[in-house]
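What follows is a single structure, written as structure tokens, with notes after it.
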Amino acid sequence: MNGAFEELINSETPVLIDFFATWCAPCKAMSPALQQLANEMGEKVKIVKIDIDKNHALQRKYKVTGVPTVMIFKNRKQLFRQTGVMMLPQLKKAVQPHL
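What follows is the structure, given as structure tokens:
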């Protein structure tokens, strides 16, 4: 996944990464907001969910110690990071400057 991940974040299009866990209730609560963001933004932003229990290397590399953690990348640069639930207005506000 590491090589594919590097390729994914090396994009002109902003890439929103949601580090989550299947056992995480706040992650589940945030899922509809991410889906709505994907529906509203379409091709303007890529949204990728990464299960920390299946991707320990990425979890360690990006020092994800709590979930959900949202990161936004563009051209391999991390432009945004927040740990904790984000609802649709917060997600839009985070993505907007990077479009």
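Reminder that position 56 of the sequence shown reads as 56 in UniProt numbering, one-by-one numbering, no gaps.
Heads up, the beta-carbon is just placed ideally off N, CA and C, and yes, glycines get one too.
From a predicted model like this one, the values you see are computed outputs, not experimental measurements.
{"Asked": "Would you say Lys92 faces chain D, with C-beta separation under 8 Å as the test?", "Found": "Structure shown: chain D not included; a single protein chain is present."}
{"Asked": "Which whole-angstrom value describes the C-beta separation of Phe80 and Ile52, a residue pair presumed to lie in contact below a C-beta threshold of 8 Å?", "Found": "About 18 Å; that fails the 8 Å criterion."}
{"Asked": "So the beta strand (DSSP E) Met30 belongs to, where does it begin and stop?", "Found": "Where Met30 is concerned, there is no enclosing beta strand (DSSP E), although the alpha helix (DSSP H) it sits in stretches over 25–41."}
{"Asked": "Note down, in chain order, each residue of its chain lying with its Cβ closer than 7 Å to the Cβ of Val64, except the 5 sequence neighbours on either side.", "Found": "Phe19, Ile52"}
{"Asked": "What is the rounded straight-line gap between the Cα of Glu7 and the Cα of Leu58?", "Found": "14 Å"}
{"Asked": "If Asn75 and Glu12 are in contact, beta carbons under 8 Å, what's the gap, nearest whole angstrom?", "Found": "7 Å"}
{"Asked": "Find the nearest neighbour of Pro89 within the set Thr83, Gln36, Phe5, judged by alpha-carbon distance.", "Found": "Gln36"}
{"Asked": "Just to confirm the assignment, what range does the alpha helix (DSSP H) spanning Gln90 have?", "Found": "88–95"}
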